[in-house]
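Chemist: Protein chains in written order, with my numbering: chain V, 2 to 110; chain F, 134 to 530; chain Z, 1129 to 1340.
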Amino acid sequence: MPIKIPKDREVPFGAITPAPVKQQELFITSNWRIVRPVIDHEKCTRCFTCYIACPDSCWSFNDKEEKMEWNWKFCKGCQICIHECPADALSAAPELDFEDGVVRLEKPF
Amino acid sequence: MAQEKLLSGCAAAAQGAKFAEVEVICSYPIRPYTAIMMELAKLVANGELDAEFIHGEGEHAQVSVVLGASAAGARAYTGSSGVGVTYAFEVYSPAAGGRYPFQMAIADRTLDPPGDFGSEHTDAMSARDQGWLMGWASTPQEVFDNTLINYRVGEDPRIMLPQFVCQDGYFLSHISDKVILPELSQVREFLPPYKSPHPLSCQFPVSHGPQIRPDQGAPMDAQRAMTFLEVPKVIEEAVSDYNRIFGRKIDPYLEKYQMDDAEIAFFIQGAHANTCKSAIRHLRSQGVKAGMVRPRWIRPWPTQQITDALSHVKAVGCVESSTSYGGATRGGNLIHEVRTSLYDLDKRPLVTSFMAGLGGDVILLEDFYYMAKILTQMAKDKKTQQLVYWVGFEEEI
Amino acid sequence: MGKVTEITVWTRGVIMDKEARDVANAFAQAAKMEGKFVQSFDNYEDLPDRVLVTTRKYARISDEEIEMKYLYTNAHPDVVVIVEPTIVKGINVLKGMPEGGILIINTNRPIDYMLKFIPNADLLGAIATVDADGISGVKTVDFSGSEGGVDTAGIGAGIAAPILGAMARVTGLAKKENLAKIVSDVAALERGYNEVKLQKFRKARYEFGQGA
Chain V
2 MPIKIPKDRE VPFGAITPAP VKQQELFITS NWRIVRPVID HEKCTRCFTC YIACPDSCWS
62 FNDKEEKMEW NWKFCKGCQI CIHECPADAL SAAPELDFED GVVRLEKPF
Chain F
134 MAQEKLLSGC AAAAQGAKFA EVEVICSYPI RPYTAIMMEL AKLVANGELD AEFIHGEGEH
194 AQVSVVLGAS AAGARAYTGS SGVGVTYAFE VYSPAAGGRY PFQMAIADRT LDPPGDFGSE
254 HTDAMSARDQ GWLMGWASTP QEVFDNTLIN YRVGEDPRIM LPQFVCQDGY FLSHISDKVI
314 LPELSQVREF LPPYKSPHPL SCQFPVSHGP QIRPDQGAPM DAQRAMTFLE VPKVIEEAVS
374 DYNRIFGRKI DPYLEKYQMD DAEIAFFIQG AHANTCKSAI RHLRSQGVKA GMVRPRWIRP
434 WPTQQITDAL SHVKAVGCVE SSTSYGGATR GGNLIHEVRT SLYDLDKRPL VTSFMAGLGG
494 DVILLEDFYY MAKILTQMAK DKKTQQLVYW VGFEEEI
Chain Z
1129 MGKVTEITVW TRGVIMDKEA RDVANAFAQA AKMEGKFVQS FDNYEDLPDR VLVTTRKYAR
1189 ISDEEIEMKY LYTNAHPDVV VIVEPTIVKG INVLKGMPEG GILIINTNRP IDYMLKFIPN
1249 ADLLGAIATV DADGISGVKT VDFSGSEGGV DTAGIGAGIA APILGAMARV TGLAKKENLA
1309 KIVSDVAALE RGYNEVKLQK FRKARYEFGQ GA
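#1: Buried or exposed: where does residue 353/F fall if 16 or more other Cβ atoms within 10 Å of its Cβ makes it buried?
#2: Output, in chain order, the set of chain F residues within a Cβ distance shorter than 8 Å of residue 6/V.
#3: Please classify residue 428/F: does DSSP put it in a helix, a strand, or coil?
#4: Less than 9 Å between CB atoms is the rule here; does residue 408/F satisfy it with respect to chain Z?
#5: State yes or no: is the C-beta of residue 407/F within less than 9 Å of the C-beta of residue 254/F?
#6: DSSP puts residue 1150/Z in a beta bridge; with which residues?
#7: Grab me the residues of residue 71/V's own chain with a C-beta within less than 7 Å of its C-beta, minus the 5 sequence neighbours each way, in chain order.
#8: Hey, could you find the ends of the beta strand (DSSP E) residue 266/F is sitting in?
#9: Mind checking whether residue 270/F and residue 429/F have CB atoms under 9 Å apart?
#10: Are the Cβ atoms of residue 299/F and residue 215/F separated by less than 9 Å?
#11: Cβ of residue 1147/Z within 9 Å of Cβ of residue 1211/Z?
#12: Going by other Cβ atoms of all chains shown within 10 Å of its Cβ, with 16 needed for buried, is residue 427/F buried or exposed?
#13: Would you tell me roughly how many angstroms separate the C-alpha atoms of residue 376/F and residue 286/F, rounded to the nearest one?
#14: Would you mind working out which of 463/F, 281/F, 513/F, 487/F sits nearest residue 396/F, comparing C-alpha positions?
#15: Between residue 1150/Z and residue 1288/Z, how many whole angstroms is the CB-CB distance? I'm expecting something under 8 Å.
#16: Run down chain V in chain order and give the residues with a C-beta less than 7 Å from the C-beta of residue 82/F.
#17: Counting Cβ pairs, one atom from each stretch, are 3 or more of them under 8 Å apart for the stretch 501-513 of chain F and the stretch 471-478 of chain F?
#18: Can you give me the start and stop residues for the beta strand (DSSP E) that residue 179/F sits inside?
#19: Return the first residue and the last residue of the beta strand (DSSP E) that residue 390/F is part of.
#20: Starting from residue 1195/Z, find everything on chain F with Cβ-Cβ shorter than 8 Å and list it in chain order.
#21: In chain V, which residues lie with their C-beta within 8 Å of the C-beta of residue 246/F?
#22: Using a beta-carbon distance below 9 Å, is residue 308/F in contact with chain Z?
#23: Any beta carbon from chain C within less than 9 Å of residue 1156/Z's own beta carbon?
#24: Would you report the Cα separation of residue 8/V and residue 67/V, rounded to the nearest angstrom?
#25: Under 9 Å between C-beta atoms, does residue 1313/Z make it to chain F?
#26: DSSP three-state label for residue 229/F, please.
#27: Residues in its own chain within less than 7 Å of residue 1260/Z by CB, not counting five upstream and five downstream?
#28: Quick check on this structure: which residue in 204/F, 208/F, 164/F has the alpha carbon closest to the alpha carbon of residue 152/F?
#29: Does any CB atom of chain Z fall closer than 9 Å to the CB of residue 141/F?
#30: With 9 Å set as the bound, which would you pick, yes or no: does the beta-carbon of residue 1236/Z sit closer than that to a beta-carbon of chain F?
#31: Using a Cβ-Cβ cutoff of less than 6 Å, which residues in the same chain neighbour residue 1161/Z once the five nearest sequence positions on both sides are dropped?
#32: With burial defined as no fewer than 16 other Cβ atoms inside 10 Å of the residue's Cβ, what is the status of residue 278/F: buried or exposed?
#33: Given this structure, state the Cα-to-Cα distance separating residue 1316/Z from residue 1156/Z, to the nearest angstrom.
#34: Please identify the residue among 1294/Z, 1283/Z, 1221/Z, 1313/Z whose C-alpha is closest to the C-alpha of residue 1139/Z.
#35: Roughly how many angstroms separate the alpha carbons of residue 405/F and residue 242/F, rounded to a whole number?
#36: Here's the rule: buried if 16 or more other CB atoms are within 10 angstroms of the residue's CB, otherwise exposed. What is residue 30/V?
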């Protein structure tokens, strides 16, 4: 007897899936934030402590502009970088103060 | 004073263990049964339950620890889900053969791969040949009842067998429903303290599980099989005591719903039976004579009761929430035993099976209507077209 | 099968998990005291043991026995309660809501400001805000996990009580008197009831008996 799996319920063979490399468009965690880090580029000494401290690798260095760049798509607002910055260049601001910067998802998972 | 509370299946199981005054608990986290252990940890920490709470390093360790505790004469309790149940597999037969009457609460979870915490009965069903008592509950009240009844039956000196008290993960373990908690004095009247006939002790040294010759193996197996001939009587005694003491009307083996004049019947276990009953009410209002049989125990399999309940029906559909890949029907597990129970009747009902509720799927009312349509067609044609139907995965008939 | 009124409570894992569960459980219990048939449970798929992840709790209320008890989500929520306001920015919380439903947010920001983050607000019948953090103080009451266990830290101590008061006032699905018997912080419940701000739209469905 035929077992027909409907199109919207198809699954890969043996549940083996390709692994993401670098940044991917699944599990965007921008909506986990309650606060976001705001950087004062004048005070920043480019010491890269935030880049090392971030558990989600959300700080990177923009070579062209010579500034630290913040990844708004995946930052979860854990505030570790804010606490670790030795130059006090980072401060926390409520995410609701900003109108953009969060990907609006249809459902969490 | 009997209290009425809204409890989930996990909370009800924990309350059952508390009222049974278990003495040793061994825990290891795995979703969804882990709430039982969280609840018991709180009760032990608050002093509401005086028990030794041990954290095992894995499910195999869990069952080994409670086996040792039971051998030493303590009432022991543990549990698991999904792949945890299969991890502890090695210890199941020694537990049953060595006659240690501890209890294991199983909240079902699909087996890996990959990681799916939806409910599926395969994890506990795969252990049904190991010689334990086993049955599925369908409401949190029943989880509580089964916890007490299983201890009573399992610890009976004629029986002395470990027990699986199973429930659907999430549907039963995490969704709350009304539970009536009794008085402790009532429970003590129903469930006497555990007295092991041969506990580990220095005064009367015994060996547990020695090496034997092959010709001593078959008598061991026969002894264990003969115990299962005694179990039904003990179940009936225990349930009639339970009904008397707590004022209930539980049938010892099956729950039958509108079976008296049924022409088609569903054979279903677990929480989805509640949805089945709602579906049957709707079907009846449209003239379909449907009924439901729900087994409360599958080990021991209530053969005579199932034969009696289903003998007058034209078509039976077993709703399988477990898989037996490559089995005789290429489907599930229950149909084999239902067909065997009905094989020797002069006028046999037609029996087929439906794969539904796998992997955590919800069984909707519409799914039951689909199954009823197939069963009605079968009864009319007087022929089984297929032995297994995958609900939701086949063309609409 | 009677109509089931579905209430979805959105919150964040670990730090506000228990408070939201209190909201769903206490509201369902209060409705039960009026003789309704209720269910309340956590969403199973949300994996809430991660700090700050968005999770859901559900309550379902009906005048008749609920037939489909075993579902994973509230597909068509009539009332949506947001325990942490940033959630409206990142999730389509009104997904599946039939027209004329109610949205209740725990925030001290003005309603017009919150509406900027909700593009599909034209579905709504009414929106309400209550400053639960201000009324009860922002604190995590308990880190009780979400695994279906019974909470022993007391229901409704913390931001849950003012939110429950606001829900009782705006939806009328449960009485404040019954809620007062369940929650442990009755003063906060009263303040939430009195201090909720409501804005109605044309599409409001009055079957809820809105008390505001």
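A virtual CB, placed ideally from N, CA and C, is assigned to each residue, including glycine.
Modeler: Put simply:
#1: When all chains shown are included, residue 353/F counts as exposed.
#2: By Cβ distance, chain F contributes 526.
#3: For residue 428/F, the secondary structure class from DSSP, reduced to helix, strand or coil, is strand.
#4: Yes, residue 408/F lies at the interface with chain Z (some Cβ there is under 9 Å from its Cβ).
#5: Against a cut-off of 9 Å, the Cβ pair of residue 254/F and residue 407/F comes out as no contact.
#6: Paired residue(s): none; residue 1150/Z is not in a bridge.
#7: Closer than 7 Å at the Cβ level, and outside the excluded window around residue 71/V, lie 38, 40, 59, 60.
#8: Segment 266-269, the beta strand (DSSP E) holding residue 266/F.
#9: A contact, by the Cβ cut-off of 9 Å.
#10: The answer is no: Cβ separation not under 9 Å.
#11: Between residue 1147/Z and residue 1211/Z, the gap from beta carbon to beta carbon is short of 9 Å.
#12: By the C-beta density criterion, residue 427/F is buried, having at least 16 other C-beta atoms within 10 angstroms.
#13: Cα to Cα, residue 376/F sits roughly 15 Å from residue 286/F.
#14: Closest by alpha carbon: 513/F.
#15: Rounded, the Cβ-Cβ distance is 4 Å, consistent with contact.
#16: Outside the modelled stretch of chain F, which goes from 134 to 530, sits residue 82/F, for which no answer is possible.
#17: Taking 8 Å as the limit for Cβ pairs, the verdict is that the stretch 471-478 of chain F does not touch the stretch 501-513 of chain F.
#18: Looking at the DSSP string, residue 179/F is not in any beta strand (DSSP E); the run it does join, the alpha helix (DSSP H), is 167-179.
#19: From DSSP, the beta strand (DSSP E) with residue 390/F extends over 387-390.
#20: Chain F residues near residue 1195/Z: 408, 411, 498.
#21: Going along chain V in sequence order, the residues near residue 246/F (Cβ under 8 Å) are 15, 16.
#22: Closer than 9 Å: yes.
#23: No chain C appears in the structure shown, which is made up of the protein chains V, F and Z.
#24: Roughly 48 Å separates the two Cα atoms.
#25: Among the residues facing chain F, residue 1313/Z is not included, as its CB has no counterpart in that chain under 9 Å away.
#26: Reduced to three states, the DSSP call for residue 229/F is helix.
#27: For residue 1260/Z, the CB contacts under 7 Å within the same chain, skipping 5 residues up- and downstream, are 1234, 1287, 1290, 1291, 1320 in chain order.
#28: Selected option, being the one with the closest Cα: 208/F.
#29: Interface residue, yes.
#30: Not one beta carbon of chain F lies nearer than 9 Å to the beta carbon of residue 1236/Z.
#31: Result list for residue 1161/Z: 1306, in chain order.
#32: Per the 10 Å Cβ criterion, buried.
#33: Each residue's Cα considered, the two are about 19 Å apart.
#34: Minimum Cα distance to residue 1139/Z is reached at 1221/Z.
#35: Taking the straight line joining both Cα atoms gives about 15 Å.
#36: Classification of residue 30/V: buried, given that the 10 Å Cβ count is 16 or more.
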